[in-house]
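Visitor:
There are 2 protein chains.
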Amino acid sequence: MRHPKNKVTVKPLLTVKWVNGKVVMIDQTKLPTRLVYVEYNKYEDVARAIKSLVVRGAPAIGVSAAFGMCLAAFQSKARDHHKLLSDLEAAYETLKSTRPTAINLTWALDLTMAKAREGNSVNEIRKSILETSIKMADEDINTNKKIGQFGAELISNDETILTHCNAGSLATVGYGTALGVIRAAKENGKEIRVIATETRPVMQGSRLTAFELKHDGINVSLIPDTASGYVLSQGMVNRVIVGADRVLRTGHVFNKIGTYQIAALARRHEIPFYVAAPKSTFDLKSELKDIVIEERDRTEVIRVGNRLVAPLQVRVFNPAFDITPPDLITGIITEKGVLFAPFEEGIRQIIGPDR
Amino acid sequence: MRHPKNKVTVKPLLTVKWVNGKVVMIDQTKLPTRLVYVEYNKYEDVARAIKSLVVRGAPAIGVSAAFGMCLAAFQSKARDHHKLLSDLEAAYETLKSTRPTAINLTWALDLTMAKAREGNSVNEIRKSILETSIKMADEDINTNKKIGQFGAELISNDETILTHCNAGSLATVGYGTALGVIRAAKENGKEIRVIATETRPVMQGSRLTAFELKHDGINVSLIPDTASGYVLSQGMVNRVIVGADRVLRTGHVFNKIGTYQIAALARRHEIPFYVAAPKSTFDLKSELKDIVIEERDRTEVIRVGNRLVAPLQVRVFNPAFDITPPDLITGIITEKGVLFAPFEEGIRQIIGPDR
Numbered sequence: 010m011r012h013p014k015n016k017v018t019v020k021p022l023l024t025v026k027w028v029n030g031k032v033v034m035i036d037q038t039k040l041p042t043r044l045v046y047v048e049y050n051k052y053e054d055v056a057r058a059i060k061s062l063v064v065r066g067a068p069a070i071g072v073s074a075a076f077g078m079c080l081a082a083f084q085s086k087a088r089d090h091h092k093l094l095s096d097l098e099a100a101y102e103t104l105k106s107t108r109p110t111a112i113n114l115t116w117a118l119d120l121t122m123a124k125a126r127e128g129n130s131v132n133e134i135r136k137s138i139l140e141t142s143i144k145m146a147d148e149d150i151n152t153n154k155k156i157g158q159f160g161a162e163l164i165s166n167d168e169t170i171l172t173h174c175n176a177g178s179l180a181t182v183g184y185g186t187a188l189g190v191i192r193a194a195k196e197n198g199k200e201i202r203v204i205a206t207e208t209r210p211v212m213q214g215s216r217l218t219a220f221e222l223k224h225d226g227i228n229v230s231l232i233p234d235t236a237s238g239y240v241l242s243q244g245m246v247n248r249v250i251v252g253a254d255r256v257l258r259t260g261h262v263f264n265k266i267g268t269y270q271i272a273a274l275a276r277r278h279e280i281p282f283y284v285a286a287p288k289s290t291f292d293l294k295s296e297l298k299d300i301v302i303e304e305r306d307r308t309e310v311i312r313v314g315n316r317l318v319a320p321l322q323v324r325v326f327n328p329a330f331d332i333t334p335p336d337l338i339t340g341i342i343t344e345k346g347v348l349f350a351p352f353e354e355g356i357r358q359i360i361g362p363d364r
Numbered sequence: 010m011r012h013p014k015n016k017v018t019v020k021p022l023l024t025v026k027w028v029n030g031k032v033v034m035i036d037q038t039k040l041p042t043r044l045v046y047v048e049y050n051k052y053e054d055v056a057r058a059i060k061s062l063v064v065r066g067a068p069a070i071g072v073s074a075a076f077g078m079c080l081a082a083f084q085s086k087a088r089d090h091h092k093l094l095s096d097l098e099a100a101y102e103t104l105k106s107t108r109p110t111a112i113n114l115t116w117a118l119d120l121t122m123a124k125a126r127e128g129n130s131v132n133e134i135r136k137s138i139l140e141t142s143i144k145m146a147d148e149d150i151n152t153n154k155k156i157g158q159f160g161a162e163l164i165s166n167d168e169t170i171l172t173h174c175n176a177g178s179l180a181t182v183g184y185g186t187a188l189g190v191i192r193a194a195k196e197n198g199k200e201i202r203v204i205a206t207e208t209r210p211v212m213q214g215s216r217l218t219a220f221e222l223k224h225d226g227i228n229v230s231l232i233p234d235t236a237s238g239y240v241l242s243q244g245m246v247n248r249v250i251v252g253a254d255r256v257l258r259t260g261h262v263f264n265k266i267g268t269y270q271i272a273a274l275a276r277r278h279e280i281p282f283y284v285a286a287p288k289s290t291f292d293l294k295s296e297l298k299d300i301v302i303e304e305r306d307r308t309e310v311i312r313v314g315n316r317l318v319a320p321l322q323v324r325v326f327n328p329a330f331d332i333t334p335p336d337l338i339t340g341i342i343t344e345k346g347v348l349f350a351p352f353e354e355g356i357r358q359i360i361g362p363d364r
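Set out below in structure tokens:
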């Protein structure tokens, strides 16, 4: 905290919340033109919302899926807990199938399902998974604030930070991971400028990161994804910070398509490249080859809104994520502290043997 | 020509042409949804067309500007050649100010202006610059076919070639530079697949390259710019070929924003990276620091058609070009042959001392 006189507090957006038996979310497909909240009382609608990117961002879809399980528990007409568990298992499968790459989805679903299995009555299970899910949502914000504080210590005053996609309050319950670090640096009184990449094709950078940083009064400039190499080469960036959808025990990071090329260019120009991710994003069991990189629909690429921007019949390759190898990563910022290479030992220490 | 049995001829689109005293162009802002031809009989309209990207691509804007000079010559009410030269000088300035980075614009304007200065009467000047401009247009296609043949010799059967932006028939009078190489390889009977990047923000890859390659029956897949590092890292690409807006005597290449990061990633994965450019794209006089990188309007980034894709008031940085250093370039394909590093000597030999 170098400039306590400038200390400010920002109030970020709340992405997903449990309100009176319903799940309330910002409909992120409507941003940046309209800030619309939607509410769901069926888990099937939550699954659709995850799939169609009404809610996105690894931590946010984890919490949304947990709340989806709560809806399923209240939707269920089960008279006994065996039937309820079987209904919850069906909901688990539906919610899990929505998106394959982010680990937090599976983590959150496994956690609620494990809680449910401990219960001995319908009411007990309902109560326990709702408590678990609300706690998960609350912890998400606390976790991000811890990530923010650890990350903010890395940042000097007057830095320009490049970020890709949206690892902000809109990717989490609130505060954000990569953008949480930026928020914490700002709250600590540091002057920070952010360069946000558009992040085609879904444009989470333009629509979400630019929106939420402006909302919080943080200095942000938008660039096309094609300009990221140029700005990194021109000495315009002091540091890159991104989020993650899955971090393997080796330190390989699955994150939004385009992350890898930014990491490679940052290395070329000797710019520190950081990943901000909570423990729930780590996957110590899987091998690199096991992870499915989601390929999303071609319409994301050939249309923007109703406007056709490519020939209707053109073949499209639209992978949603890529892999950044650990040798391109300067550090991984977690709620337990910042890990530096080699990552394997540090990751094992903070996550423990159980995951 | 390895597979003479498969020899095919493709008929590319004609980007700009002189027809009955008018300049006729494809309006590239309407592609890919509509193939519309526009005609102009005032040089001011040609200048506006260049500025607003109705016509784009370094060779195509060179020829368009030359035809603009012809229109100016016929528009002029001058009774003597001194007055005509002064009218042409005004047109020269207007046309030259449209876009700063591509050298072909200046090259074409200088050539027509020099021709005009040789004339001794209004009619003689009109005739001579029209002949010069039509010859320039014809030569553009011949030049591209030579580039195509030299480039095609580099390409093996069954390659996947990644290209960025549009260095195709739509960037030239016809046939194209980078895509001319691909056309020539196909005409020589080789099986070629193309990966085209979208090329945000103006989307010349989606709108133009995907359109013209499909038009010619060439196998093309479209990827978001964010996926280029991923496809290069996954062994999906055998070769990169791009065009150029300006090549310095050192071999530094100014080309569409995003070229540099692709070149750096290609080098990282040991994939050959070629630039296809006619002699008219070379600038032996300027220093790196002298070249203005055009910054285009923020609306290109925050809007797609009428749809707002970013907060209306967000700050935008929208450079139209970047710089690829010679150490990332495997070869430069010209109508005189393929140059390899170190480029300086080869460039001097093919261009001669006069430019």
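Protein chains in written order, with the numbering used here: chain H, 10 to 364; chain A, 10 to 364.
Each residue gets a CB set at the ideal place from its N, CA and C atoms; glycine is no exception.
Quantities reported herein were computed from a predicted structural model and do not represent experimental measurements.
(1) Less than 8 Å between the CB atoms is what I'm expecting for H:Leu-62 and H:Val-240, so what's the real figure, rounded?
(2) Would you say H:Asp-270 lies against chain A (beta-carbon separation less than 8 Å)?
(3) Which residue wins for smallest C-alpha separation from H:Val-251, given the options H:Met-245, H:Asp-96, H:Trp-27, H:Val-262?
(4) Write down the C-beta distance between H:Ser-73 and H:Val-25 rounded to the nearest angstrom, noting that I regard them as a contact closer than 8 Å.
(5) Check whether the segment 148-157 of chain A and the segment 329-348 of chain A are in contact - that is, three or more C-beta pairs closer than 8 Å.
(6) Report the residues of the segment 209-221 of chain H with a CB closer than 7 Å to any CB of chain A, ordered along the chain.
(7) Sorted by chain position, which residues of the same chain lie with C-beta nearer than 6 Å to H:Phe-400's C-beta, five sequence neighbours on each side aside?
(8) Determine, using beta carbons only, whether H:Phe-326 comes closer than 8 Å to chain A.
(9) Whole angstroms is fine: what's the gap from H:Glu-353's alpha carbon to A:Asp-299's?
(10) Since H:Thr-308 contacts H:Lys-265 with CB under 8 Å, what's their CB separation in whole angstroms?
(11) Using beta-carbon positions only, say whether A:Glu-296 and A:Phe-330 come within less than 8 Å of one another.
(12) Which full runs of the alpha helix (DSSP H) of 4+ residues lie inside the segment 187-249 of chain H, going along the chain?
(13) Is it true that the CB of H:His-173 sits closer than 8 Å to the CB of H:Thr-268?
(14) Measure the alpha-carbon distance for A:Tyr-101 versus A:Ile-360 and round it to whole angstroms.
(15) Nearest by alpha-carbon distance to A:Val-192: which of A:Thr-206, A:Arg-216, A:Ile-164 is it?
(16) Examine chain A for any beta-carbon lying closer than 8 Å to the beta-carbon of H:Thr-110, and answer yes or no.
(17) So if I threshold CB-CB distances at 7 Å, which residues from the segment 252-282 of chain A count as touching chain H?
(18) Buried or exposed: where does A:Pro-351 fall if 16 or more other Cβ atoms within 10 Å of its Cβ makes it buried?
(19) Note down, in chain order, every chain H residue with its Cβ under 8 Å from the Cβ of A:Thr-42.
(20) With 8 Å as the threshold, decide whether the Cβ of H:Glu-304 is near any Cβ in chain A.
(21) Helix, strand or coil: how does DSSP classify H:Ile-338 here?
(22) Using a Cβ-Cβ cut-off of less than 7 Å, list which residues of the segment 160-194 of chain A approach chain H; keep chain order.
(23) Let's see if you can read the secondary structure: which residues bound the beta strand (DSSP E) around H:Ile-35?
(24) Counting only beta-carbon atoms, is A:Glu-127 nearer than 8 Å to chain H?
(25) Compare the Cα-Cα distances from A:Val-203 to each of A:Gly-183, A:Asp-225, A:Val-182 and report the closest residue.
(26) I'd like to confirm the pairing. Which residues does DSSP put opposite H:Ala-304 in its beta bridges?
(27) Starting from the C-beta of A:Ala-319, find all residues in its chain whose C-beta is less than 6 Å away, skip the five residues before and the five after it, and write them out in chain order.
(28) Determine the chain A residues that contact H:Thr-235 at a beta-carbon separation under 7 Å, and present them in chain order.
(29) Where DSSP assigns a beta bridge to A:Thr-333, which residues make up the other side?
(30) Does the segment 111-118 of chain A come into contact with the segment 277-295 of chain A, if we say contact requires no fewer than three beta-carbon pairs (one atom in each stretch) closer than 8 Å?
(31) Run through chain A and tell me which residues come within less than 7 Å of H:Ser-61, C-beta to C-beta.
(32) Would you check if the distance between the CB atom of A:Gly-177 and the CB atom of A:Leu-231 is smaller than 8 Å?
(33) If we require 3 or more residues per run, which beta strand (DSSP E) segments fall completely within the segment 120-174 of chain A?
(34) Chain A beta carbons: is any one of them nearer than 8 Å to that of H:Lys-223?
(35) Relative to the alpha-carbon of A:Ala-161, which residue among A:Ala-187, A:Leu-179, A:Leu-139, A:Glu-140 has its alpha-carbon at the smallest distance?
(36) What number of angstroms, rounded off, separates the C-alpha of H:Asp-167 from the C-alpha of H:Glu-200?
Guide: Short version:
(1) Here the question's residue 62 of chain H lines up with position 53 in the first sequence. Here the question's residue 240 of chain H lines up with position 231 in the first sequence. Between H:Val-240 and H:Leu-62 the Cβ distance is about 27 Å, and since that is not below 8 Å, they are no contact.
(2) Residue 270 of chain H sits at position 261 when you count from the first residue of the first sequence. Correcting the residue identity first, residue 270 of chain H is Gln in this sequence and not Asp. For H:Gln-270, at least one C-beta of chain A is nearer than 8 Å to its own C-beta.
(3) Mapped onto the first sequence, residue 251 of chain H falls at position 242. Per the Cα distances, H:Val-262.
(4) Reading the first sequence from its first residue, position 64 is the one you call residue 73 of chain H. Reading the first sequence from its first residue, position 16 is the one you call residue 25 of chain H. At roughly 5 Å, the Cβ-Cβ gap stays under 8 Å, so H:Ser-73 and H:Val-25 are in contact.
(5) The segment 148-157 of chain A, when compared against the segment 329-348 of chain A, does touch it at the 8 Å Cβ threshold.
(6) Residues passing the 7 Å Cβ filter: Arg-209, Pro-210, Met-212, Ser-215, Arg-216, Ala-219, Phe-220.
(7) It is not possible to answer for residue 400 of chain H, since the shown part of chain H is limited to 10 through 364.
(8) Against the first sequence, residue 326 of chain H aligns to sequence position 317. At least one CB of chain A lies nearer than 8 Å to the CB of H:Phe-326.
(9) As a first step, residue 353 of chain H is located in the first sequence; it is residue number 344 there, counting from the start. As a first step, residue 299 of chain A is located in the second sequence; it is residue number 290 there, counting from the start. Near 48 Å, if we compare the C-alpha coordinates of A:Asp-299 and H:Glu-353.
(10) The count along the first sequence starts at 1 and reaches residue 308 of chain H at position 299. The count along the first sequence starts at 1 and reaches residue 265 of chain H at position 256. Beta-carbon to beta-carbon, H:Thr-308 and H:Lys-265 are separated by about 18 Å, too far to satisfy the 8 Å threshold.
(11) Taking the first residue of the second sequence as 1, we reach residue 296 of chain A at position 287. Taking the first residue of the second sequence as 1, we reach residue 330 of chain A at position 321. The beta carbons of A:Glu-296 and A:Phe-330 sit no closer together than 8 Å.
(12) Listed in chain order, the complete alpha helix (DSSP H) runs (minimum 4 residues) inside the segment 187-249 of chain H are 187-196, 219-224, 237-242.
(13) Start at 1 with the first residue of the first sequence, and residue 268 of chain H comes out as number 259. Start at 1 with the first residue of the first sequence, and residue 173 of chain H comes out as number 164. Contact flag set, yes.
(14) Here residue 101 of chain A refers to the residue found at position 92 when the second sequence is read from its first residue. Here residue 360 of chain A refers to the residue found at position 351 when the second sequence is read from its first residue. Approximately 24 Å, taken between the alpha carbons.
(15) Translated into positions along the second sequence, residue 192 of chain A becomes position 183. Looking at the sequence itself, residue 192 of chain A is Arg, so the reference to Val does not match. If we check each option's Cα against that of A:Arg-192, A:Ile-164 comes out closest.
(16) Residue mapping note: residue 110 of chain H aligns to position 101 of the first sequence, counting from 1. H:Thr-110 does not count as touching chain A.
(17) In summary, the residues of the segment 252-282 of chain A whose CB is separated from some CB of chain H by less than 7 Å are Ile-266, Gly-267, Tyr-269, Gln-270, Ala-273, Leu-274, Arg-277, in the order they occur in the chain.
(18) For the purposes of this step, residue 351 of chain A is taken as residue 342 along the second sequence, with counting starting at 1. Residue environment analysis places A:Pro-351 among the exposed positions, since fewer than 16 neighbouring C-beta atoms fall within 10 angstroms of its C-beta.
(19) Reading the second sequence from its first residue, position 33 is the one you call residue 42 of chain A. Residues of chain H passing the Cβ test: Leu-317.
(20) Taking the first residue of the first sequence as position 1, residue 304 of chain H is located at position 295. Between H:Glu-304 and chain A, the shortest Cβ-Cβ separation is not below 8 Å.
(21) Here residue 338 of chain H refers to the residue found at position 329 when the first sequence is read from its first residue. Three-state result, H:Ile-338: coil.
(22) Answer set for the segment 160-194 of chain A: empty.
(23) Numbered from 1 along the first sequence, position 26 holds the residue referred to as residue 35 of chain H. Start and end: 31-35.
(24) Position 118 of the second sequence, counting from 1, holds the residue named residue 127 of chain A. By this cut-off, A:Glu-127 is not an interface position.
(25) Within the second sequence, the letter at position 194 stands for residue 203 of chain A. Of the listed residues, the one whose Cα sits closest to A:Val-203 is A:Asp-225.
(26) As a first step, residue 304 of chain H must be located in the first sequence, where it is residue number 295. The question names Ala, but residue 304 of chain H is Glu in the sequence shown. DSSP lists H:Pro-328 as partners of H:Glu-304.
(27) Taking the second sequence and counting its residues from 1, the one referred to as residue 319 of chain A is at position 310. Contacts found: Ile-311.
(28) Counting from 1 along the first sequence, the entry for residue 235 of chain H is found at position 226. Neighbours of H:Thr-235 on chain A, chain order: Thr-208, Arg-209, Asp-234, Ile-266, Gly-267.
(29) Within the second sequence, residue 333 of chain A is the residue found at index 324, counting from 1. In the DSSP output, where bridge partners are listed per residue, A:Thr-333 has A:Val-262.
(30) Yes, the segment 111-118 of chain A is in contact with the segment 277-295 of chain A.
(31) In the first sequence, the residue the question calls residue 61 of chain H occupies position 52. Per Cβ cutoff of 7 Å: no residues; H:Ser-61 is ~17 Å from chain A at best.
(32) Taking the second sequence and counting its residues from 1, the one referred to as residue 177 of chain A is at position 168. Taking the second sequence and counting its residues from 1, the one referred to as residue 231 of chain A is at position 222. No, Cβ-Cβ distance for A:Gly-177 and A:Leu-231 is not below 8 Å.
(33) If you keep only unbroken beta strand (DSSP E) runs of at least 3 residues inside the segment 120-174 of chain A, you get 168-172.
(34) Here residue 223 of chain H refers to the residue found at position 214 of the first sequence. Contacts with chain A at 8 Å (Cβ-Cβ) include H:Lys-223.
(35) Along the second sequence, read from residue 1 onward, the residue named residue 161 of chain A stands at position 152. Per the C-alpha coordinates, the member of A:Ala-187, A:Leu-179, A:Leu-139, A:Glu-140 positioned closest to A:Ala-161 is A:Ala-187.
(36) Residue numbering aside, residue 167 of chain H sits at position 158 when the first sequence is read from its first letter. Residue numbering aside, residue 200 of chain H sits at position 191 when the first sequence is read from its first letter. Straight through space, the alpha carbons of H:Glu-200 and H:Asp-167 are spaced by roughly 5 Å.
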